[in-house]
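Heads up, the thing below is written out as structure tokens.
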Amino acid sequence: MRYDVIVIGAGMVGTPTAWHLQKNNSKVLMLDRKLPGLETSYGNAGLIQREAIHTHPFPRQITEVFRVLPNQGTDIRYRVPAILRYHQALLQYWKYSSPASVKKIESEWQTLIAHCTSEHQTMIEASGADELITRDGWLQLHRSKETLKAAADTAEVDRAQGVEHKVLSLEELKALEPNANFDGFVGAIHWLNSWQVSNPSFLVKAYAKNFEQMGGSILESNVTEIQPDNSNEAQGWKVVTDTDTYYSDNLVIAAGPWSNELIKPLGYTLPLFPMRGYHQHFKLHEKNTIHHSMFDMDKGFVMGPMQQGIRITTGAEMTTMNAPKNFGQLKTVLKLARKILPLEDAVESEAWAGSRPCMPDMKPVIGPADKHDKLWFAFGHSHQGFTLGPITGRLVEELIHNKPLTVDVAPFNAQRFTKK
Ligand SMILES: Cc1cc2nc3c(=O)[nH]c(=O)nc-3n(C[C@H](O)[C@H](O)[C@H](O)COP(=O)(O)OP(=O)(O)OC[C@H]3O[C@@H](n4cnc5c(N)ncnc54)[C@H](O)[C@@H]3O)c2cc1C
3 MRYDVIVIGA
13 GMVGTPTAWH
23 LQKNNSKVLM
33 LDRKLPGLET
43 SYGNAGLIQR
53 EAIHTHPFPR
63 QITEVFRVLP
73 NQGTDIRYRV
83 PAILRYHQAL
93 LQYWKYSSPA
103 SVKKIESEWQ
113 TLIAHCTSEH
123 QTMIEASGAD
133 ELITRDGWLQ
143 LHRSKETLKA
153 AADTAEVDRA
163 QGVEHKVLSL
173 EELKALEPNA
183 NFDGFVGAIH
193 WLNSWQVSNP
203 SFLVKAYAKN
213 FEQMGGSILE
223 SNVTEIQPDN
233 SNEAQGWKVV
243 TDTDTYYSDN
253 LVIAAGPWSN
263 ELIKPLGYTL
273 PLFPMRGYHQ
283 HFKLHEKNTI
293 HHSMFDMDKG
303 FVMGPMQQGI
313 RITTGAEMTT
323 MNAPKNFGQL
333 KTVLKLARKI
343 LPLEDAVESE
353 AWAGSRPCMP
363 DMKPVIGPAD
373 KHDKLWFAFG
383 HSHQGFTLGP
393 ITGRLVEELI
403 HNKPLTVDVA
413 PFNAQRFTKK
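Be aware that the sequence shown starts at 3, since it is given in our numbering, and climbs by one per residue.
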């Protein structure tokens, strides 16, 4: 069977892409080797981050570099084989992290973030997924007056970008989350117009179900090869999987951290690299119930109320995709988390691990491939892919259907990494 569009990847980026295309009268097949929402889009902290108008630059201050080097931090760790494997991308990341460069990148990034909640809202309504969403923000906890003051000053400036916040004293924080022990903290920023999802995977599944209700097709199959298909006049794409071969006019690559594996054989070498994170759930009871996700700003981990229990999510570990799990960072985080909340019974015997798909200039790749017609890229959303999936999907639909664009996609094109 021939489709108008095949989307490879059924995460929070691929699923909204397939949804928008199907809604706008394309016949779409979404292919994934797993059911929708079971990889990176399963294990994240579940925040739809309207406040995330700043990117995550490479540490450039010498004090920061010395802090990270001993590799004992809770926010970031690294493994030497990954540094060697991705050294070119990391060098570019360092280069793009200069203050002048970050300023430009953030102004482009913000054009996407501005649409995150409104684009999710459209899909939440259509999918009947409202019970998964809490619209009461999240809490950024601070352990020092200096970092709280700096964050409050920045947040004040960010109001102009539509980001709403309230600075909370320790007393106000305790009143909001009476079960938590805030010894060692001085206060928090309450990000008011960001949203929390109680089961990130279920939100992807709800969007995928709605896509199917509109007539879209989902197949669980591992894609082994993609090839231009010149067998008929229209020209398009041939997608080979473990079990069958599928044909389409257009092809979208939305395979998150695996995207490069699919496009390398076609001659694309984009500097995509993974940043791993871990999570584990702990059983809920009346003494550890919390109402908001809480991010320990100085230690770099999140404690979030999920359907499965309290989800403890780590910061970043720079490692290769298939490296065995290393629980050192999570263990240290759990010691800190247990001082804040009683966390006795783990829900899973082993923690989950997954990789943020990162680009060195901290922006996703959204747009046409430069060497082939009707090939489209939608990946590399790093720390905010769960937030940005729906606006990305809208943009890819507008591009494929040749419509006016909601956001200028020029800053996100794949050609920005091509040597001139
Ligand atoms: C610990 C952690 C916390 C995070 N917290 C947040 C947060 O709070 N808010 C936020 O916005 N973002 C967060 N993120 C980032 C976010 O989760 C990712 O950016 C996002 O999920 C990426 O979505 P994706 O669809 O690109 O990738 P994925 O969800 O990984 O989807 C890609 C899909 O492609 C499929 N695939 C790959 N190769 C093939 C193939 N050959 N054949 C068939 N299928 C294939 C995979 O099976 C997978 O389902 C976090 C990430 C981590 C790791």
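Here a beta-carbon is modelled for each residue, glycine too, at the ideal position from N, C-alpha and C. Nothing here was measured: the structure is a model prediction, and the numbers come from that model.
query: Less than 7 Å between the CB of Ser-28 and some heavy atom of ligand 1, yes or no?
result: Ser-28 has its CB no nearer than 7 Å to any heavy atom of ligand 1.
field: Helix, strand or coil at Pro-83 [DSSP, three-state]
entry: helix
Separation of Val-7 from Asp-155, as counted between CA atoms: Approximately 46 Å between the Cα atoms of the pair.
query: How is Asp-363 classed by DSSP in three states: helix, strand or coil?
result: coil
query: Which of the three DSSP states, helix, strand or coil, is assigned to Lys-266?
result: helix
message: Going by DSSP in three states, Asn-252 sits in which element: helix, strand or coil?
response: strand
- prompt: Does at least one heavy atom of ligand 1 sit under 7 Å from the Cβ of Gln-386?
  reply: Flag set: Cβ of Gln-386 near ligand 1.
field: Three-way DSSP call (helix, strand, coil) for Ile-135 in this model
entry: strand
- request: For the segment 313-353, list the beta strand (DSSP E) runs that are entirely contained and at least 3 residues long, ordered along the chain.
  value: 318-320
task: To the nearest angstrom, report how far apart Trp-378 and Ala-47 are at their CA atoms.
output: 28 Å
- request: Using only the heavy atoms of ligand 1, determine whether one of them is closer than 7 Å to the beta carbon of Ala-236.
  value: no
task: Look up Gln-310 in the DSSP assignment and say whether it is helix, strand or coil.
output: coil
query: So Thr-42 and Pro-259 are in contact, right, with Cβ under 8 Å, and what is the actual spacing, rounded?
result: 7 Å
message: Let's test the definition: count the other Cβ atoms within 10 Å of the Cβ of His-89 and tell me whether it reaches 16, buried, or not, exposed.
response: exposed
task: Check whether the Cβ atoms of Met-32 and Gly-238 sit closer than 8 Å, and answer yes or no.
output: no
field: C-beta contact flag for Tyr-95 and Ser-203 at 8 Å
entry: no
message: Report the start-end ranges of each alpha helix (DSSP H) in the segment 63-107 that is 4 residues or longer and not cut off at the edges.
response: The qualifying runs are 64-70, 82-87, 89-98.
Proximity test, Leu-268 beta-carbon vs ligand 1 heavy atom, cut-off 7 Å: no
message: ligand 2 and Ser-203: does the residue's C-beta get closer than 7 Å to at least one heavy atom of that ligand?
response: Ligand 2 is not part of the structure shown, which contains ligand 1 as its ligands.
message: For Gln-229, report the span of its beta strand (DSSP E) as first-last.
response: 225-231
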